[in-house]
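A.B. asks: To start, I am sharing the structure in question, which I have written as structure tokens.
Residue numbers (my numbering): 376 to 779.
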């Protein structure tokens, strides 16, 4: 069995994290194959094909081959990055509308590589990449699984139009939530769409429990915790709306002088967020430390996880936070139904509602016992996100389409 994963790059994004986890597991099929007693090959060749050159952010197993698309055509460019104008729009999406000649060239490279390597299945992550892949491989007898990573109702009409053009030609569609699945009922997709949540790294379960989970009973909770951190992990991007988060925290920061807000991530909004923090005079209470490869350890030091997005597919960072035993305050975006039980392990507030977000934070920050109980409930939900369980669902789809 030969499996290709196709995505933009191996940077620090959520899709990249999921692909690295899945690829590493598939490259060692003997481990999970026996445990699940599945009719899956003992040896599986796995290759990640990146459309853009980038350094690895997540660990990739030595048994996983990584190919950068430009190397297929130009071996002499092995260490040279593809320029943004060649394949990437200003928003970081594969651009299959403009730069037409360049795009056709890249499609030719991918087509050539797939025809040579003959994978049994190609799994393309994100809308730009799966549209690009379906177009590039038209007429080739290759099974394509497309992975949708966002909620279509928040996409502009051009992006949704591309989905309607290309997705009817995919062999299978994988989405992250039931609410998203219900939007794909056209073009024959209803009968070939599955919901598979994102997997969580094993290290989260091995040693990723949050501060409150280590305490045996609420009565043993300290009145003043050593860190008192609220943690957010997301790109600094308008979609993530950290502006609203900062404003919400500012409303209660005076009431809780020992609490800090730490926002991990990088992106084009950094300068405007720093300006807002300066204007609110919260430089010592709100930190923007950038990205971190030790984010699980940072979650362990924290008491509350927050997500302020305007829309999501399913937040990888929120999954990891729940599996680490953190209480959650989040806006009402896709994925919250699967991850947050209102009043049990967190609170869900309307998108963009500063006052409601501040109020939800206040409820948790003011009550250590509630924090403890919410932490325990988060851990109860965590079992649904173990990597081995998620891989089994992917395997079932691969076996289904390759046996046709």
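Even glycine gets a Cβ: it sits at the ideal position worked out from N, Cα and C.
No experiment lies behind these values; they were computed from the predicted model shown.
Under 8 angstroms, do residue 424 and residue 444 count as touching if we go by C-beta distance?
C.D. replies: Contact: yes.
A.B. asks: Mark residue 472 as exposed unless 16 or more other C-beta atoms lie within 10 angstroms of its C-beta, in which case mark it buried.
C.D. replies: Because the pLDDT of residue 472 is 43, which lies under 50, any placement of that residue in the model is unreliable, and the number read from its coordinates should be weighed accordingly. With fewer than 16 other Cβ atoms within 10 Å, it is exposed.
A.B. asks: Using CA atoms only, rank isn't needed, just tell me which of 533, 570, 485 and 428 is closest to residue 766.
C.D. replies: For residue 766, the nearest C-alpha among the options comes from 570.
A.B. asks: CB-CB under 7 angstroms to residue 412, same chain, minus the five flanking residues each way: which ones, in chain order?
C.D. replies: The predicted position of residue 412 is uncertain, since its pLDDT is 48 and thus under 50; a value taken from the coordinates is nonetheless stated next. Closer than 7 angstroms at Cβ, skipping near neighbours: no residue.
A.B. asks: When the distance is taken between beta carbons, is residue 703 closer than 8 angstroms to residue 718?
C.D. replies: No, these two residues do not count as a Cβ contact at 8 angstroms.
A.B. asks: My parser needs the alpha helix (DSSP H) runs of 4 or more residues fully inside the segment 640 to 700; what are they?
C.D. replies: Runs found: 645 to 654, 670 to 675 and 691 to 698.
A.B. asks: Rounded to the nearest angstrom, what separates residue 607 and residue 705 at their Cα positions?
C.D. replies: Computed Cα separation, rounded: 10 angstroms.
A.B. asks: Just tell me which of 573, 732, 755 and 736 has its CA closest to the CA of residue 764.
C.D. replies: Nearest C-alpha to residue 764: 573.
A.B. asks: From the DSSP output, which residues share a beta bridge with residue 607?
C.D. replies: Residue 607 pairs with 638.
A.B. asks: Please report whether the beta-carbon of residue 534 lies at a distance below 8 angstroms from any beta-carbon of chain C.
C.D. replies: Here there is only one protein chain, and chain C is not present.
A.B. asks: Roughly how many whole angstroms lie between the Cα atoms of residue 775 and residue 519?
C.D. replies: Rounded to the nearest angstrom, the two C-alpha atoms are 12 angstroms apart.
A.B. asks: Return yes when the Cβ of residue 690 is within less than 8 angstroms of the Cβ of residue 665, no when it is not.
C.D. replies: No, the Cβ-Cβ distance between residue 665 and residue 690 is not below 8 angstroms.
A.B. asks: With 16 as the cutoff for other CB atoms within 10 Å, does residue 634 come out buried or exposed?
C.D. replies: It is buried - the Cβ of residue 634 has at least 16 other Cβ atoms within 10 Å.
A.B. asks: Whole angstroms is fine: what's the gap from residue 440's alpha carbon to residue 489's?
C.D. replies: Roughly 14 angstroms separates the two Cα atoms.
A.B. asks: For the segment 732 to 763, which segments carrying the alpha helix (DSSP H) assignment without a break, of at least 4 residues, lie completely within its bounds, in sequence order?
C.D. replies: Here the runs fully enclosed are 743 to 757.
A.B. asks: May I ask you to report which of helix, strand or coil DSSP gives residue 390?
C.D. replies: Residue state, collapsed to three classes: helix.
A.B. asks: Within the same chain, show all residues whose beta-carbon is closer than 6 angstroms to that of residue 749, passing over the 5 residues directly before and after it, in chain order.
C.D. replies: So the qualifying residues of the chain are 702 and 720.
A.B. asks: Do you know how far the Cα of residue 512 is from the Cα of residue 500?
C.D. replies: Going by the C-alpha atoms only, they are around 15 angstroms apart.
A.B. asks: Which partner residues does residue 729 have in the DSSP bridge list?
C.D. replies: DSSP output for residue 729 lists no bridge partner at all.
A.B. asks: Let's test the definition: count the other Cβ atoms within 10 Å of the Cβ of residue 616 and tell me whether it reaches 16, buried, or not, exposed.
C.D. replies: Answer is buried; the Cβ neighbour count reaches 16.
A.B. asks: Going by alpha carbons, who is nearest to residue 563 out of 621, 542, 527 and 735?
C.D. replies: The candidate whose alpha carbon is nearest that of residue 563 is 542.
A.B. asks: Cα-Cα, which of 498, 659, 670 and 609 is closest to residue 579?
C.D. replies: Selected option, being the one with the closest Cα: 670.
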